Amino acid sequence: MKVGRRRFLAFGIGGAVGTALTPLPWKLMDDISIWTQNWPWTPVPPKGVVSHVNSVCTLCPGRCGITVRKVGDRVVKIEGTKGHPVNDGGICLLGLSGPQFLYGPSRVRSPLKRVGKRGEGRWEAISWEQAVSEVAKRMGELRAKAEPHTVGCLLPEDRGSVAQLFARLLTVYGSPNVMRRPSIEDTYEMALYQTHGIIGRPGFDLQKTTFLLSFGSGYLQGWGSPVHMFRAHSHLLSNSCRVVQVEPRLSISAAKADRWMAVKPGTEAALALGLCHVIVKESLYDKAFVDKHCQGFDAWTDEQGQKQPGFKELVLGNFTPATTAEITGLKQADIIELARNFAKASRPLAICGRGNGSVPGTLGEFMAVYALNALVGSVGRSGGVLALPEAEYLQWPAPEMDEVAAKGMQQQRLDGAGGDKYPLARYRTSYLAALLKGGGYPLKMLLVAGENPVYDLPGSTELKKALADIPFLVSFSSFMDETAAMADLVLPNHIYLERLEDVPPVFGLPKPLLQLCRPVTAPQFDTRHTGDVIIQIARALGGGVAAAFPWPDYESCLKQVLGGHFARLHKDGYLEGRVPELRFETASGRFEFINTEYKAKPAYTPVIPQGDKGVFPLVLTGYDSMRLAGGAVADSPFMVKSVDDTVLKKGDVLVEVNPHTAGQQGLAEGDAVVLATPAGRARVRVHLSHRVPPGMVAMPRGLGHTAYDPFIGGKGVNFNELIAPVPDPVSGLDAAWGIRASLTKV
Amino acid sequence: MSTVEEKSQEVTEEQPDDATPVDPPEPPPATEAEPKGGILPAFLIGIVASLIVGWVVFPQLLYSKKRQPVDFNHAIHVREVGNDCAGCHYFREDGTFSGIPKLDKCVECHAEPIGISREEADFIEKYVATGTEVPWYVYAKQPPCVFFSHAAHIKMGHMECATCHGDIGESEHARVYQENRITGYSRDIWGHNISGYTRHTWESMKMADCARCHQKENVHQSSVQTKKGACFVCHK
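If you're matching them up, the sequences are chains Y and R in order.
Everything in the first sequence is counted per our numbering, starting at 12 for the first residue and increasing by one.
Everything in the second sequence is counted per our numbering, starting at 147 for the first residue and increasing by one.
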């Protein structure tokens with residue numbers, strides 16, 4: 012029988028129909044899809060024994076408990092530790108990205124010495140012995156010239172044993188210039204001291220709150236301990252707690268709140284005092300608490316016998332709903348309603364500090380929010396704000412100082428903190444750029460550990476120029492960040508997954524919590540624990556400096572410092588302290604609305620953004636997001652990929668502009684513009700958005716790294732290049748919520 | 147059918163018209179006349195052939211057959227070692243699962259040959275004497291994108307071994323390991339019936355099988371996206 016065309020076609024069609032009735036196509040499809048997943052170049056965890064190590068993530072100040080999954084010695088995944096008091100199993104994008112930092116290409120692999128021009132990126136790998144002796148030699152020379160105070164040290168925080176070792180080194184060496192990263196902690200510590208007389212930090216009992224009033228705090232955008240805040244927020248929702256967000260921009264936190272109060276930017280403190288006015292006027296305040304525990308509510312007579320107005324007078328006289336409405340741009344009825352609801356809630360709580368808390372803010376505002384909490388009795392009770400004194404283990408005995416050291420320590424701090432002008436401040440690091448150029452004396456050496464000022468401090472363009480003039484810059488960074496790239500010496504620390512270190516209490520937690528960060532894997536490169544390096548530098552300096560460091564190495568120092576806690580910390584990873592009972596250590600022994608000693612009081616201090624309104628008709632403000640890390644540690648490659656294309660598109664950052672403003676300026680979605688401020692200028696793109704009010708330009712913090720590697724750097728613009736600090740006249744801390752700006756189409 | 151034929155007829159008729167009148171008419175192309183009829187049988191043959199290929203030949207081609215390195219007798223081990231499966235496949239103190247025993251576990255009993263079988267002598271000579279691990283083929287091996295915890299299923303879920311592994315414990319000879327030539331995984335994952343039809347839970351180990359039970363037992367049915375099981379339970 013001949014086949015023929017038609018029969019052949021019929022056979023083919025029959026074959027196709029028949030094949031469709033067999034599992035062949037479906038099975039093949041399934042097998043092929045599995046085959047594509049197992050191509051040899053697809054990254055797959057290695058085979059081996061799986062183990063888990065519990066430690067602490069110290070990438071941000073949140074300090075979550077982490078459970079690291081390993082296959083053999085390879086770190087494969089980081090998850091939140093279940094039941095941990097900070098994060099209870101939760102973890103953020105940054106924390107998840109730990110393995111990218113551990114194995115990423117921007118790690119510094121050995122001590123490096125600059126051989127090219129500053130910032131050129133030409134390095135010579137040197138031995139640790141040489142690195143330590145070079146630092147000691149320089150420090151020794153300055154000390155021999157009786158200029159020890161010209162050595163500065165910049166740290167992310169001043170708590171914890173490594174920070175204490177640095178402080179000790181500089182003290183016995185003779186420099187008062189230990190600085191720490193600026194944040195709302197500066198202002199909160201100050202406000203706590205002014206109201207409670209306690210040196211310590213506040214804790215917020217969010218899980219028991221029934222009404223959360225947030226004055227611009229990005230409680231879902233990295234404020235406090237970020238993952239803890241997410242957990243707390245879930246609790247708030249399940250407890251049917253009311254959340255009110257006071258903020259000019261419709262942030263994620265505002266969008267998730269029950270009510271968004273869009274105040275004029277920078278007027279949050281006026282609203283807090285306006286609420287106090289209504290609460291006092293309508294007698295809605297907790298009289299029992301105010302009578303028993305508070306001072307300065309009514310008029311009082313000070314030590315000099317002068318009559319002082321009380322807080323009652325202050326708010327009743329100045330912050331009527333009409334005045335408050337005019338300042339804040341809210342409706343009078345809304346202000347009154349909010350005040351009543353807040354005061355009538357069973358356990359209300361007010362928090363402040365804008366965004367993720369990187370800008371300290373004014374003392375007047377923080378004291379106003381404290382006063383609001385005190386009025387409703389939410390100070391020192393469950394669901395309110397608690398005062399947590401400093402952890403005892405951190406209070407080391409003072410070292411002995413020789414004559415040079417004593418003389419150096421008597422010098423005024425370069426940043427003027429604690430001096431005549433700003434007696435309340437402990438640190439004024441935000442002004443580093445200006446201080447390096449026109450401070451009281453030139454800084455001749457700067458040690459930077461765990462912090463990245465060239466990226467992270469406001470006015471980073473200026474700071475970069477100023478740092479270029481420092482004769483000797485030493486970075487202890489594990490990564491080739493913007494500051495390390497400019498350094499003379501890089502002495503890389505182990506990253507948190509490789510080192511043993513105490514983790515001091517976390518800001519904002521309602522309980523003191525001491526944790527231990529444990530090595531999860533062996534150091535990948537020729538890095539060294541900064542604690543060890545400090546001890547070695549001290550020993551190389553000899554004399555009284557060496558005598559203050561009797562420990563053979565950091566580990567023995569840590570064990571001595573933690574004493575009996577060490578064994579428990581090593582076993583459990585963390586140690587929860589008790590919440591101290593309500594007490595006040597002010598001169599009056601009460602909560603002071605107005606501090607009897609310093610006269611610091613709740614106030615609305617208008618902070619005028621820098622710049623000429625004629626040249627810069629708009630105002631630029633920064634915003635935070637959980638998808639970007641605004642701090643000293645960069646966004647991970649994973650995080651950069653998670654950012655929307657309305658924020659970052661093809662390497663360009665998009666700034667939010669209200670369509671009304673854009674119309675006036677003749678701008679359309681996606682237009683490339685030059686964003687100029689008195690501090691700097693940058694090329695950005697426009698994203699039209701009703702999230703921001705007219706006249707405002709909002710830009711994300713956390714982009715625009717210029718160092719690191721191509722996966723992290725070269726994406727967008729660094730907000731800090733465009734902003735400059737504005738001092739609060741009382742505290743001297745940076746209170747800039749924005750800066751004047753202009754947009755010009757290119 | 148007829149329409150197709152008519153049309154093709156028309157085409158054939160039109161062909162001479164297309165030729166230009168100037169050139170002498172060429173003889174029609176030397177094609178043989180298209181055979182009529184037989185279309186339905188051809189169609190049916192196609193169906194039958196493809197059914198045979200799909201149901202019988204394809205599975206034969208898809209899987210290669212491999213013998214286990216040692217003809218292992220589960221039944222005798224369960225009897226002699228005792229403690230059911232856990233005699234050899236046990237949980238370590240830290241909760242991790244030992245999986246297929248390593249050679250040192252075998253050597254606990256087989257340091258010297260037990261009995262006189264040829265298999266036993268081979269095993270001793272090839273593996274025990276040289277200290278080489280037996281390269282077992284694993285019927286239940288899953289791709290690396292799947293996270294599976296025996297502890298979660300046995301200790302927490304109180305499942306029986308047989309629910310997934312069937313009556314392997316009663317087998318007296320090692321089954322032939324059939325490896326999928328495309329994926330490299332065992333035929334046991336898809337199931338021996340090429341259609342994917344199964345009667346018992348242990349007959350296949352595809353994602354749908356895991357999901358079915360996870361759904362029934364309400365294991366983390368919390369995914370916001372799928373409104374079903376959370377993907378991350380298995381795909382970490």
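Glycine included, C-beta positions come from ideal geometry on N, C-alpha and C.
Everything numeric in this text was worked out from a predicted model, so none of it was measured.
- By the neighbour-count criterion, in which a residue is buried when 16 or more other Cβ atoms sit within 10 angstroms of its Cβ, residue 232 of chain Y is buried.
- Nearest to residue 701 of chain Y by C-alpha distance, out of Y:119, Y:210, Y:198 and Y:262, is Y:262.
- Shortest Cα-Cα distance from residue 476 of chain Y to any of Y:448, Y:152 and Y:380 involves Y:448.
- In this structure, DSSP gives residue 428 of chain Y an extended state, which the three-state scheme calls strand.
- Close CB contacts of residue 101 of chain Y within its chain, under the 7 Å cut and outside five residues either way in sequence, are with 91, 238, 241 and 242 (chain order).
- Using a Cβ distance threshold of 8 Å, residue 443 of chain Y and residue 474 of chain Y count as a contacting pair.
- Taking a C-beta cut-off of 8 Å against chain R, none of the residues of the stretch 242 to 275 of chain Y qualify.
- Taking 4 residues as the shortest admissible run, the stretch 575 to 600 of chain Y contains the following complete alpha helix (DSSP H) segments, listed from N- to C-terminal end: 576 to 583.
- Contacts with chain R at 8 Å (Cβ-Cβ) include residue 33 of chain Y.
- If you draw a straight line from the Cα of residue 351 of chain R to the Cα of residue 31 of chain Y, it comes to about 24 Å.
- Per DSSP, the unbroken alpha helix (DSSP H) holding residue 227 of chain R starts and ends at 220 to 227.
- For residue 145 of chain Y, same chain residues with a beta-carbon under 7 Å away, outside a window of 5 residues either side, are 500 in chain order.
- In its chain, beyond the 5 residues on either side, 511 have a beta carbon closer than 7 Å to the beta carbon of residue 566 of chain Y.
- Residues of chain Y whose Cβ lies closer than 9 Å to the Cβ of residue 340 of chain R are, in chain order, 33, 34, 35 and 38.
- Fully contained in the stretch 647 to 730 of chain Y are the following alpha helix (DSSP H) runs of length 4 or more, in chain order: 648 to 653 and 670 to 676.
- For residue 64 of chain Y, the enclosing beta strand (DSSP E) begins and ends at 61 to 67.
- Residue 463 of chain Y carries a coil assignment under DSSP once its states are collapsed to helix, strand and coil.
- In its chain, beyond the 5 residues on either side, 30 have a beta carbon closer than 7 Å to the beta carbon of residue 36 of chain Y.
- Using beta-carbon distances, residue 329 of chain R counts as an interface residue toward chain Y, with a partner under 8 Å.
- At a beta-carbon threshold of 7 Å, none of the residues of chain R lie near residue 50 of chain Y; the nearest stands roughly 11 Å away.
- Judged by beta-carbon spacing, residue 61 of chain Y lies beyond the 8 Å limit of residue 529 of chain Y, meaning their Cβ atoms are not closer than that value.
- Following the DSSP letters along the chain, one finds residue 225 of chain Y inside the beta strand (DSSP E) bounded by residues 222 to 228.
- Interface flag for residue 118 of chain Y against chain R is unset, since no Cβ pair is found closer than 8 Å.
- Nearest CB-CB separation between residue 100 of chain Y and chain R: not below the 8 Å threshold.
- Rounded to the nearest whole angstrom, the CA to CA distance from residue 753 of chain Y to residue 685 of chain Y is 8 Å.
- DSSP places residue 201 of chain Y inside the alpha helix (DSSP H), whose first and last residues are 195 to 207.
- If you check the CB distance, residue 295 of chain Y and residue 355 of chain Y come in under 8 Å.
- Each of Y:299, Y:534 and Y:229 was checked against the Cα of residue 86 of chain Y, and the nearest Cα belongs to Y:534.
- Annotation: Cβ neighbours of residue 200 of chain R in chain Y (cutoff 8 Å, chain order): 29, 30, 32, 33, 34 and 35.
- Not a single C-beta of chain R is nearer than 8 Å to the C-beta of residue 721 of chain Y.
- Those residues of the stretch 187 to 212 of chain R placed with their C-beta closer than 9 Å to a C-beta in chain Y are 187, 188, 189, 190, 191, 192, 193, 194, 195, 196, 197, 198, 199, 200, 201, 204, 205 and 208, ordered along the chain.
- Shown here, residue 377 of chain Y sits in a helix according to DSSP, grouped into three states.
- Residue 712 of chain Y and residue 688 of chain Y have their C-alpha atoms spaced approximately 16 Å apart.
- Here residue 378 of chain R is exposed. Its C-beta has fewer than 16 other C-beta atoms within 10 Å.
- A check of alpha carbon separations from residue 620 of chain Y across Y:612, Y:631 and Y:110 identifies Y:631 as the nearest.
- Taking 8 Å as the threshold, the shortest C-beta distance from residue 46 of chain Y to chain R falls below it.
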